[in-house]
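Residue numbers (the working numbering), protein chains in the order written: chain A, 1 to 466; chain B, 1001 to 1119; chain C, 2001 to 2509.
These notes are about the structure you will find just below.
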Amino acid sequence: MLQWTTLSLELGLLALALVLFVLDLTRVSRRLITLLAGLGTFALFLFSFTVPSTGTFTQAFILDPFALFLKRIFLLAALLTLMGASTYARVRNYTARMGEFILLVLLATLGAMALVSARDFLTFFVAFELLSLPIYALAAIEKGNPLAPEGALKVFLFGSLSSVALFLGIGLLYAATGTTFWTRIHTVLFPVLFQLGVVLLLVGIGFKIAMFPFYMWVPDTYEAAPTPVVAFLSVAPKAAGIGVLFRLYFEFFSRWQGDLTAWITVLAAVTMIAGNLMALPQKNLKRLLAYSGVAHIGYVLTAVAAGSRFSAAMALFYFVAYLFSNMGAFLAVAALETQGVEPTLEGSRNLIRRSPLLAAAFLVFLLSLGGIPFVLGFWGKLYVFLAAGKAGLWGLVFLGALLAVIALYYYLNVARWMFIVEEGEGSLHIPGSLLAAVGIAAVVVFAGGLVPQWLVVPAVHAVMGF
Amino acid sequence: MESFAGVGLTFLAAVLFAGAAVVASRILSPRGKPTDRAKLEVYESGVIPRQDAHVRFPIRFYLVALLFLIFDVEIAFLYPWALRVKELGVVGVVEIGLFVGMLLAAYVYFWRRGGLQWQ
Amino acid sequence: MVFWGNLLNWVIWVPIVAAFVLLLIPEQRTRFQGWAVLAVTLVEFFLSTALLRAFPRAGYAFTLDLSWIPPLGAGYRIGVDGLSVLLIVLTTLLTFLGAVYSREVIRKHVRTYWIALLLLEGLLIGVFAARDLLLFFLFWEAMLLPMFLLIGIWGHERRLYAAFKFFLYTMAGSVFLLAGVLYLGLKAGTFDLDALRGVAQNLPLHVQTLLFLGFMIAFAIKVPVVPFHTWLPDAHVEAPTVGSVLLAGVLLKMGTYGMLRFAIPFFPSVAVRQASLWMALGVAGILYGAWMSWVQKDMKRLIAYSSVAHMGFILLGMFSFTVYGLSGGMLQMLNHGISTGALFFSVGMLYERRHSRLMEAFGGVAREMPVFATILGIVAMSSLGLPGLNGFVGEFLSLLGAFQRSHLLGALGVAGVIFAAVYLLHMLRQVLFLTPHQPREPLMDLNPREFFVFLPLLILIFWIGVYPRPFLRVLDAPVAEIQRVIRPHLSTSLQTRVQEPQHTPEVYP
Chain A
1 MLQWTTLSLE LGLLALALVL FVLDLTRVSR RLITLLAGLG TFALFLFSFT VPSTGTFTQA
61 FILDPFALFL KRIFLLAALL TLMGASTYAR VRNYTARMGE FILLVLLATL GAMALVSARD
121 FLTFFVAFEL LSLPIYALAA IEKGNPLAPE GALKVFLFGS LSSVALFLGI GLLYAATGTT
181 FWTRIHTVLF PVLFQLGVVL LLVGIGFKIA MFPFYMWVPD TYEAAPTPVV AFLSVAPKAA
241 GIGVLFRLYF EFFSRWQGDL TAWITVLAAV TMIAGNLMAL PQKNLKRLLA YSGVAHIGYV
301 LTAVAAGSRF SAAMALFYFV AYLFSNMGAF LAVAALETQG VEPTLEGSRN LIRRSPLLAA
361 AFLVFLLSLG GIPFVLGFWG KLYVFLAAGK AGLWGLVFLG ALLAVIALYY YLNVARWMFI
421 VEEGEGSLHI PGSLLAAVGI AAVVVFAGGL VPQWLVVPAV HAVMGF
Chain B
1001 MESFAGVGLT FLAAVLFAGA AVVASRILSP RGKPTDRAKL EVYESGVIPR QDAHVRFPIR
1061 FYLVALLFLI FDVEIAFLYP WALRVKELGV VGVVEIGLFV GMLLAAYVYF WRRGGLQWQ
Chain C
2001 MVFWGNLLNW VIWVPIVAAF VLLLIPEQRT RFQGWAVLAV TLVEFFLSTA LLRAFPRAGY
2061 AFTLDLSWIP PLGAGYRIGV DGLSVLLIVL TTLLTFLGAV YSREVIRKHV RTYWIALLLL
2121 EGLLIGVFAA RDLLLFFLFW EAMLLPMFLL IGIWGHERRL YAAFKFFLYT MAGSVFLLAG
2181 VLYLGLKAGT FDLDALRGVA QNLPLHVQTL LFLGFMIAFA IKVPVVPFHT WLPDAHVEAP
2241 TVGSVLLAGV LLKMGTYGML RFAIPFFPSV AVRQASLWMA LGVAGILYGA WMSWVQKDMK
2301 RLIAYSSVAH MGFILLGMFS FTVYGLSGGM LQMLNHGIST GALFFSVGML YERRHSRLME
2361 AFGGVAREMP VFATILGIVA MSSLGLPGLN GFVGEFLSLL GAFQRSHLLG ALGVAGVIFA
2421 AVYLLHMLRQ VLFLTPHQPR EPLMDLNPRE FFVFLPLLIL IFWIGVYPRP FLRVLDAPVA
2481 EIQRVIRPHL STSLQTRVQE PQHTPEVYP
């Protein structure tokens, strides 16, 4: 008997996406549809607390607390994106494509949700593509923007490349083991093919999570794509990629590959270094956040390198912190853009005078991303370091902490333009929905920093299954 | 291990075939500079090319092609379902209904957005 | 109920909560904000003095022990001993005086200024009250931000450079601290200070050495001990007056406090082994700071370097591990906060009048501002350690302690006292007495507000100078505690030298 309840979240999301898609073809106003999309996503988020947290649907799909935790992250990411999107679409003149926008965001979310539940390579690949394809279209949705085609093309080409690598990897793994089910592998026939397959698998995921050296597409795409999309792009695919990496780690690599720690350690270190150093000279806020996002993936990879249940929990927690701080920062940038402000350091000058609330929220996000105590991001870093320390990776801990100091330089540099540079006139009137999204994120980042255990404990519980 | 022998043989044959073609053309092709303008032309089965190979089709052709693809895929799924309709039972009917419904939604979208208007 | 009933808890959180409440007051109502902040800081000062009534006694008072992040073993553990309580009172006093002073000086972003000031106060108190290593680290790090803003927004010309330098320097030091904190926390499964102590002392010696150095680097940058001091002159010079006052008066003490509270009790055997090294660095700071002060033209820079010298005395006293040295070092922490705070206030007032910090810009101030000149004279004397004023007691005890350990280092330290006299008297002569080359606009003498800022500091200067016993008695228990931890690790010959006298010496009747 198939356990359909296992799929209830995915089915619900699919139904929501399709209903809204069809509604968009009728005369229902786009505002209402956006509102319904947001409410529906939120309802699903609430619903996710009532579904049974374990179950399998055939051998290819598993629902466990780990997956469920990540699914909630995706739903929240989609929700924040939708909250930011409608005003942004109006300013950037693509309200006419808002129906498609919603559909694509929800489908990408569906892909991410399926991805972290996948337990065989075919489901994995289909979910991976379902996550990727809508993003290509989303990156190009702002047709009027002359930069959009370039950014969209970059994400498309690199995305396709990663799919190819992934598919080849999967093929090789199948050739080497004779099955696509991770748990059904009994023997490895061709170790060489197997190794090659694992490497290609990592390459494919590496593109998605923007790991070194596969992050080249990130800044250009982030700069060109509509900012709410970027906010989504900077969290959901990365969280999905890391989630699947952990699942592979526990259910697949650990059984057949032995220790990947050395590899991932090097990758984490290099990713942190590259992201932080590349972010230093950036003048465009979106590019800066793009590179800082690469650096953050380096920190999460530190947890992956630790490769324990504890570190998986800490990575989950890190993503919660990252979700709110990073999406908050991007949405704040989007709020600036809706007022015709260039998303650059120069453009953000004297924000404290022009929009004190936005400036305060932005400061909270920057502090969180930089890892200053009493905001959520600090705990993320601390826990990840703790996990790495537990695994004995003190070198990574030290490197990460050192790079965090460098990171603070560029985060504070943003704060400097917003708070200390005094030229810059004209007060901004940030639209309500965006301000609400930014505000919610800021409040969570701040409150979560005071009582992190409310988020850590669920994260720890979420990895009990492994 | 034996089951992969076929794969290996096919791979071997492919390499040999491709390699043989390259080697053969290297041996058989005339050497030195081309003496004749015709030898510099694009090979079009002896016919002299009349225009650039880059021809721009109206985008609607692509749209129709995509639409065709939708139904093509639909058919590809419907046949196997039809063969096993009894075994799959109610669940199968519901599933295939969902599947067709989704494609239908895409079709309606295509229609409403003017994909079928030729002018 | 435990949470709400704890006085110390109130002392920590009142300013922080007040800072957030301030956000609700409209930005234009600066007068009201000023009065409100004044009220809060005054209340805060009285609250903190109420902490004093529990002393002297051994151990911690006003303790609160709540589980906070159970999976980590990190708790919300606070409590104060004599040392913390003195530093907390110093913080609240200087913040209150700072609020009095800046109410009519700060003109731009007034509300943000108050918020930064109150946050800084609360977080500083948190640093001194934390009895949990992680909590301490949190406060330690978080404190940087308001200070960064204070320097960066309201500072002088090169404020951004100074703010970034200050921030990044301290953060770089914190990396070592963080690594040490995490390592210890993982080893012990808790961040409770008392529990950590037992665990830390049983680690292999090379691990202990590494951890000790990690802690010490972070603290040494904060103090600053000589090779790590380069951020200090810039930060002090560019910070606004109140920023400098708090920076010199309180922030620097975080370093020495950290050494006394964490580095030394956690790793006593390493601390004893390396004592000569750190004492030597202290002497280096004394001499280097004095020499650098000598050649400065900028008064703030002069005082900044004099801070380096004074902190050297503290280090010298502390690492002698004698009763004299330890109590002298601790008392000197308080003294330095008072004297240097007062000096920075003076320079700030001069700057308000003539918009220059160069000594050449002044001269003959004694004639135009007699009251101010008297006060500056007293403060400078206290800073250079004139007997009868507070500075003397601390320095004398520190040097006494140093002599018990090493005559050479003690002698070099005494030389520093002489240099201090040279540069401070040089400044007094230049600013107060020398006739200026060309006539300048006359300066107004102190107004009541400014006089009020000095009043409590002057009282303390004389009080500690003449009758330091109450202060030393408060410090008795912390000194005895350090001694208790250190003693087993001292060699026998040192033990006899360090032990006598059994009680805090009464230098004054």
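Every residue gets a Cβ at the ideal spot worked out from N, C-alpha and C, and that includes glycine.
Treat the numbers as computed from the prediction; the structure is a model and nothing was measured.
Beta-carbon separation (whole angstroms), residue i vs residue j, contact threshold 8 Å
i: Gly370 (chain A); j: Ala407 (chain A); result: 6 Å
i: Gly2401 (chain C); j: Gly2317 (chain C); result: 5 Å
i: Ala1106 (chain B); j: Ile1070 (chain B); result: 6 Å
i: Gly2285 (chain C); j: Leu2315 (chain C); result: 7 Å
i: Ser86 (chain A); j: Val51 (chain A); result: Between Val51 (chain A) and Ser86 (chain A) the Cβ distance is about 29 Å, and since that is not below 8 Å, they are no contact.
i: Val2371 (chain C); j: Leu2446 (chain C); result: 5 Å
i: Ala436 (chain A); j: Met83 (chain A); result: 6 Å
i: Ala78 (chain A); j: Thr109 (chain A); result: 4 Å
i: Met2143 (chain C); j: Leu2120 (chain C); result: 6 Å
Rounded C-alpha distance that separates residue i from residue j
i: Leu1016 (chain B); j: Lys283 (chain A); result: 55 Å
i: Glu2044 (chain C); j: Leu18 (chain A); result: 60 Å
i: Thr1010 (chain B); j: Ile185 (chain A); result: 26 Å
i: Glu415 (chain A); j: Leu366 (chain A); result: The sequence given here places Ala at residue 415 (chain A); Glu does not occur at that position. Straight-line Cα distance between these residues: approximately 8 Å.
i: Pro2505 (chain C); j: Arg2469 (chain C); result: Here Pro2505 (chain C) scores only 49 on pLDDT, less than 50, and its place in the model should not be relied on; the value that follows carries that caveat. Rounded to whole angstroms, Pro2505 (chain C) to Arg2469 (chain C) spans 9 Å at the Cα level.
i: His2229 (chain C); j: Arg72 (chain A); result: 48 Å
i: Phe2062 (chain C); j: Ile2078 (chain C); result: 8 Å
i: Trp1118 (chain B); j: Val1055 (chain B); result: 20 Å
i: Ala240 (chain A); j: Met327 (chain A); result: 16 Å
i: Val2365 (chain C); j: Leu2455 (chain C); result: 20 Å
i: Gln1051 (chain B); j: Phe1068 (chain B); result: 30 Å
i: Val2175 (chain C); j: Glu2395 (chain C); result: 32 Å
i: Leu280 (chain A); j: Gln339 (chain A); result: 26 Å
i: Ser53 (chain A); j: Val116 (chain A); result: 14 Å
Pick from the options that is closest to residue i, judged by C-alpha positions
i: Val2474 (chain C); options: C:Leu2083, C:Tyr2305, C:Ile2106, C:Gln2033; result: C:Leu2083
i: Gly2328 (chain C); options: C:Leu2178, C:Asp2476, C:Ala2179; result: C:Asp2476
i: Pro373 (chain A); options: A:Gly12, A:Phe446, A:Phe419, A:Arg30; result: A:Phe446
i: His2109 (chain C); options: C:Phe2167, C:Gly2152, C:Arg2440; result: C:Gly2152
i: Leu428 (chain A); options: A:Leu351, A:Val405, A:Leu70, A:Leu399; result: A:Leu351
i: Pro219 (chain A); options: A:Arg30, A:Leu68, A:Gly275; result: A:Gly275
i: Met2349 (chain C); options: C:Glu2450, C:Trp2004, C:Ile2338, C:Glu2141; result: C:Glu2450
i: Tyr1079 (chain B); options: B:Val1091, B:Phe1057, B:Ile1096, B:Leu1063; result: B:Ile1096
i: Phe299 (chain A); options: A:Phe310, A:Tyr291, A:Ala315; result: Residue identity differs from the one stated: residue 299 (chain A) is Tyr in this sequence, not Phe. Checked all of A:Phe310, A:Tyr291, A:Ala315; the closest Cα to Tyr299 (chain A) is A:Ala315.
Chain-ordered chain C contacts of residue i [CB-CB under 9 Å]
i: Leu386 (chain A); result: Leu2072, Leu2182, Gly2185, Leu2186
i: Leu402 (chain A); result: Ala2172, Val2175
Chain B contact residues for residue i, given Cβ-Cβ distances below 7 Å
i: Val445 (chain A); result: Those within 7 Å of Val445 (chain A) in chain B number zero; the least Cβ separation is about 38 Å.
i: Leu18 (chain A); result: Met1102, Ala1105
i: Phe101 (chain A); result: Result: empty, since nearest Cβ-Cβ is about 14 Å, beyond 7 Å.
i: Leu467 (chain A); result: Not covered by the structure: residue 467 (chain A). The range shown for chain A is 1 to 466.
Contact set between residue i and chain C, taken where Cβ atoms lie within less than 8 Å
i: Tyr174 (chain A); result: Those do not exist, as Tyr174 (chain A) stays about 40 Å from chain C at its closest Cβ, beyond 8 Å.
i: Leu367 (chain A); result: Leu2145
i: Trp394 (chain A); result: Ala2179, Tyr2183
Proximal chain B residues relative to residue i, where beta-carbon distance stays under 8 Å
i: Phe21 (chain A); result: Ala1105, Tyr1109
Contact set between residue i and chain C, taken where Cβ atoms lie within less than 7 Å
i: Gly389 (chain A); result: Leu2182, Tyr2183, Leu2186
i: Phe66 (chain A); result: The contacting residues do not exist; Phe66 (chain A) stays about 17 Å from chain C at best.
Interface residues of chain D facing residue i [CB-CB closer than 9 Å]
i: Pro458 (chain A); result: The structure shown contains no chain D; its protein chains are A, B and C.
Chain-ordered chain A contacts of residue i [CB-CB under 7 Å]
i: Leu2087 (chain C); result: Chain A residues near Leu2087 (chain C): none, gap ~20 Å exceeds 7 Å.
i: Phe2392 (chain C); result: Those do not exist, as Phe2392 (chain C) stays about 39 Å from chain A at its closest Cβ, beyond 7 Å.
Where residue i meets chain A, residues with beta-carbon distance less than 9 Å
i: Leu2149 (chain C); result: Ala415, Phe419, Ile420
| query | What are the start and end residues of each continuous alpha helix (DSSP H) run of 4 or more residues lying completely inside the segment 15 to 94 of chain A, in chain order? | reply | 30 to 47, 65 to 91
| query | Enumerated in chain order, which unbroken segments of the alpha helix (DSSP H) with a length of 4 residues or greater are wholly contained in the segment 2226 to 2282 of chain C? | reply | 2231 to 2238, 2241 to 2246, 2252 to 2258, 2268 to 2273
| said: Suppose only complete runs of 4+ residues qualify. What are the alpha helix (DSSP H) ranges in the segment 91 to 124 of chain A, listed by chain order? | reply: 98 to 115
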